[in-house]
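Residue numbers (this note's numbering): 2 to 363.
C-beta atoms are modelled at their ideal positions from N, C-alpha and C, and glycine is treated no differently.
To keep things clear, I will list the structure first and then write my remarks on it.
Below is the structure:
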């Protein structure tokens, strides 16, 4: 096996594709200190900032996803896709990778397809319980498909599927002893229960409305709230902070955010679900209804079916939220069962196992 292999890694459009890609690259870097890395993303998406910030080079493609409605952007899609295929071929020829890894998103569709056509080994990593269009398209020629959920034989060739779990941040593996530090970091009262709320980096409109509406309820129940409202909503809600509610636009220390929590409210994106399983705290999932094939509901259901979390649909929040939160906070046996069951579904060695699959094809 080469001591200085070359890897092209492609995934983007959302943090759910980007952060697993970065986690895989960092584990490969640990095992192959002399390796060379090149990321490929969409030229106007968040990976163009996040990947360099993590210390890796990136090339951008002129590519964008299909819109759900008829738009000029959709009319441009064939041209953009052909352009991205030509650009991918040029990038691959110049860099000459040993393996190409795709974690989802339209940019990865182009570069992984071209690599497979050039007989370069390709590995696909699928985060969700319902695969995206890109990974379904790439599966046929991929050498292996690393997944986090059971039952994906419906979408991928069964002999290529390897259940590894999703890559997560290594600093979340040992948060048990960080509560005191977390309470100090967020300036919380150590004698009050903490509800940690997150809606993703941009924020979740319906979750933010829910928290705002229940401010008086939290006060009456002596609950502190760590509320990550997202950069898109911070200006709207930043003045709502007080002794009960701490309003955050972005979470710098996810380990401390999770460590402080007694209960967590979250969307059900694949990366979040995998992180929360490792964290092992009671969770109320509020899946986004605005995602392809309603895959967040499917992700959450895979946990709820094993009594590892509570799920509330957006349409039911006003009826069920305070009732479910009260049940978890007032009944220790309920909270303990949820925490224990979700923890049993954790796959903490996912990143290392994905790297083992990659090494097999180098």
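Can you give me the Cβ contacts of residue i inside the same chain, cut-off strictly under 6 Å, excluding the 5 residues immediately before and after it?
i: residue 262; result: 195, 197, 282
i: residue 264; result: 196, 283, 329
i: residue 157; result: 140, 146
In or out: residue i buried (at least 16 other Cβ within 10 Å) or exposed?
i: residue 245; result: buried
i: residue 17; result: buried
i: residue 64; result: buried
i: residue 340; result: buried
i: residue 87; result: exposed
i: residue 251; result: exposed
i: residue 185; result: exposed
i: residue 28; result: buried
i: residue 83; result: exposed
i: residue 307; result: exposed
i: residue 62; result: buried
i: residue 95; result: exposed
i: residue 128; result: buried
i: residue 91; result: exposed
i: residue 31; result: exposed
Restricting to Cα atoms, I'd like to know which of the options is closest to residue i.
i: residue 327; options: 54, 222, 158, 227; result: 222
i: residue 271; options: 39, 181, 206, 169; result: 169
i: residue 130; options: 37, 144, 150, 120; result: 150
i: residue 285; options: 353, 315, 147; result: 315
i: residue 349; options: 277, 299, 291; result: 277
i: residue 237; options: 179, 248, 227; result: 248
i: residue 203; options: 319, 209, 231, 193; result: 231
i: residue 317; options: 123, 304, 220, 211; result: 211
i: residue 107; options: 20, 159, 15; result: 15
i: residue 206; options: 30, 295, 288, 344; result: 288
i: residue 59; options: 138, 345, 19; result: 19
i: residue 311; options: 136, 167, 100, 338; result: 338
i: residue 294; options: 320, 91, 134; result: 134
i: residue 160; options: 171, 110, 166, 144; result: 144
Give the range of the alpha helix (DSSP H) segment to which residue i is assigned.
i: residue 156; result: No alpha helix (DSSP H) holds residue 156; DSSP gives it neither H nor E.
i: residue 258; result: 255-261
i: residue 135; result: 134-139
i: residue 352; result: 351-361
i: residue 313; result: Taken as a continuous stretch (DSSP letters only), residue 313 belongs to no alpha helix (DSSP H), as it is neither H nor E.
i: residue 237; result: 235-238
In this structure, what does DSSP give as the bridge partners for residue i?
i: residue 433; result: Given a span of 2 to 363 for the chain in the structure shown, any question on residue 433 remains unanswerable.
i: residue 227; result: 197, 247
i: residue 61; result: 42
i: residue 265; result: 197, 284
i: residue 146; result: 125, 162
i: residue 119; result: For residue 119, which the question treats as bridged, DSSP gives no partner whatsoever.
i: residue 2; result: The partner list for residue 2 (beta bridge, DSSP) is empty, contrary to what the question assumes.
i: residue 335; result: Paired residue(s): none; residue 335 is not in a bridge.
Starting from residue i, follow the beta strand (DSSP E) in both directions and report where the run begins and ends.
i: residue 292; result: From DSSP, residue 292 is part of no beta strand (DSSP E); its letter is neither H nor E.
i: residue 164; result: 162-164
i: residue 284; result: 284-286
i: residue 185; result: Premise fails: residue 185 lies in the alpha helix (DSSP H), 180-186, not in any beta strand (DSSP E).
In its own chain, which residues sit with a C-beta less than 8 Å from the C-beta of residue i, not counting the 5 before and 5 after it?
i: residue 97; result: 7
i: residue 189; result: 183, 195, 225, 227, 247, 261
i: residue 323; result: 215, 218
Which same chain residues, not among the five before or five after residue i, have their C-beta less than 7 Å away from its C-beta?
i: residue 332; result: none
i: residue 280; result: 173, 176, 259
i: residue 335; result: 328, 329
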